[in-house]
Amino acid sequence: MKGQEWYQADDVAEEYDDKRFSRGGQLIDRREKEAVLEAIMPVEDQKVLEIACGTGRFTVMLAHQGADVVGLDISAAMLQQGRRKAQNTELAGTLEFLRGDAGRLPFPDDHFDTVIAMRFFHLADDPEAFLEEMRRVSRDQIVFDTFNRFSARSIYNWALPMGSRLYSKSEIAVLLAKTDLTLVDVEDDFLLPYGLYRSIPNSLASPLRTLDKAISELPTTDHVASVSYWNARVR
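Residue numbers (full-length UniProt numbering): 1 to 235.
Take a look at the structure:
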């Protein structure tokens, strides 16, 4: 996985949420959580695994909604942030954080109902192997996101701390076919790059987001959206 050393640093974990999901980044956080919930609700009593759970944004949210969640990440510092977040949230389900490698998941086959991976596939050196491992431990559903090859992100991708692997829709279609997954739905969003939203206050980001969403509804914009949210079923 790209950028492992940078990602596991204590100072990066401590500042991760503030740098990415404060100011206009709150809109990104809200939309990503909405995409996950739309794909897998209702979650009550579901067994859910999140790969690369980071600071627990999704794991804590899903446990709050009543799911039994395991969050796995390679960074001990990120997991510590997730545990602190969970301490301040009332959970209707259960939540466990584990340190581990997404390429060798420490679970038996078909162990979870749903496996999710947000903000992960852009770092994957071998996306097919990771997706195959996710499919192995899921009995029903896989949910993940990708950054898109023809989006504005391609312009500044080289400058990012960890870079990004950018995907076309045809590449994802091939990955799903190779790993025996059936596409249920895909949603495309954010014509404007994430970095722009993060750099401006919410008061400015909100009207830009309204414009972004309006333009995104045009049929010709799907392939230039920044991100796609994929919902697939195990065959």
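Virtual Cβ for every residue (Gly too), placed ideally from N, Cα, C.
Pull up the CB-CB distance for Leu105 and Val137, whole angstroms please, since I reckon it's below 8 Å.
Taking the sequence shown and counting its residues from 1, the one referred to as residue 105 is at position 105. Taking the sequence shown and counting its residues from 1, the one referred to as residue 137 is at position 137. Contact between Leu105 and Val137 holds, with the beta-carbon distance rounding to 5 Å and staying under 8 Å.
State yes or no: is the C-beta of Thr146 within less than 7 Å of the C-beta of Tyr167?
Residue numbering aside, residue 146 sits at position 146 when the sequence shown is read from its first letter. Residue numbering aside, residue 167 sits at position 167 when the sequence shown is read from its first letter. The beta carbons of Thr146 and Tyr167 sit closer together than 7 Å.
Residue from Glu15, Leu196, Ile74, Leu49 whose Cα sits closest to the Cα of Gln141:
What you label residue 141 is simply residue 141 of the sequence shown in a count that begins at 1. With distances taken between Cα atoms, Gln141 lies closest to Leu49.
DSSP on residue 322, reduced to helix/strand/coil?
Missing from the structure shown is residue 322; the chain here goes from 1 to 235 and no further.
Going by the beta-carbon positions, is the gap between Ala86 and Val60 smaller than 7 Å?
Position 86 of the sequence shown, counted from the first residue, corresponds to residue 86. Position 60 of the sequence shown, counted from the first residue, corresponds to residue 60. One thing to note: Ala86 has its Cβ within 7 Å of the Cβ of Val60.
What distance in whole Å lies between the Cβ atoms of Gly24 and Glu155, which are believed to be in contact at a cut-off of 8 Å?
Position 155 of the sequence shown holds residue 155. Position 24 of the sequence shown holds residue 24. Looking at the sequence shown, residue 155 is not Glu but Ile. In fact, because the Cβ distance is near 19 Å, the residues do not count as touching under 8 Å.
Is His122 near Leu91, with beta carbons less than 7 Å apart?
Counted from its first residue, the sequence shown places residue 122 at position 122. Counted from its first residue, the sequence shown places residue 91 at position 91. No, the Cβ-Cβ distance between His122 and Leu91 is not below 7 Å.
Report the three-state DSSP secondary structure of Ile40 (helix, strand or coil).
The sequence position of residue 40 within the sequence shown is 40, counting from 1. The three-state reading of DSSP puts Ile40 in helix, counting H, G and I together.
Run through DSSP, which three-state label would residue 236 get?
Because the chain spans 1 through 235 in this model, residue 236 falls outside it and cannot be assessed.
For Glu90, name the three-state secondary structure that DSSP assigns.
Counting from 1 along the sequence shown, the entry for residue 90 is found at position 90. DSSP, read as helix, strand or coil, puts Glu90 in coil.
Determine the contact status of Val143 and Ala39, defining contact as a CB-CB distance below 7 Å.
Reading the sequence shown from its first residue, position 143 is the one you call residue 143. Reading the sequence shown from its first residue, position 39 is the one you call residue 39. Cβ atoms of Val143 and Ala39: closer than 7 Å.
Extent of the continuous alpha helix (DSSP H) run through Ser203:
Here residue 203 refers to the residue found at position 203 of the sequence shown. Here the alpha helix (DSSP H) through Ser203 covers 202–216.
What's the call for Val184, buried or exposed, on a 16-neighbour Cβ count within 10 Å?
Looking up residue 184 in the sequence shown gives position 184. Exposed, since its Cβ has fewer than 16 Cβ neighbours within 10 Å.
Boundaries (first-last residue) of the beta strand (DSSP E) holding Gly71:
Against the sequence shown, residue 71 aligns to sequence position 71. It spans 68–73 - the beta strand (DSSP E) in which Gly71 sits, taken as one unbroken run.
Comparing C-alpha positions only, which one of Lys213, Phe21, Gly54, Arg83 sits nearest to Ile116?
Residue numbering aside, residue 116 sits at position 116 when the sequence shown is read from its first letter. Here the closest residue by C-alpha is Gly54.
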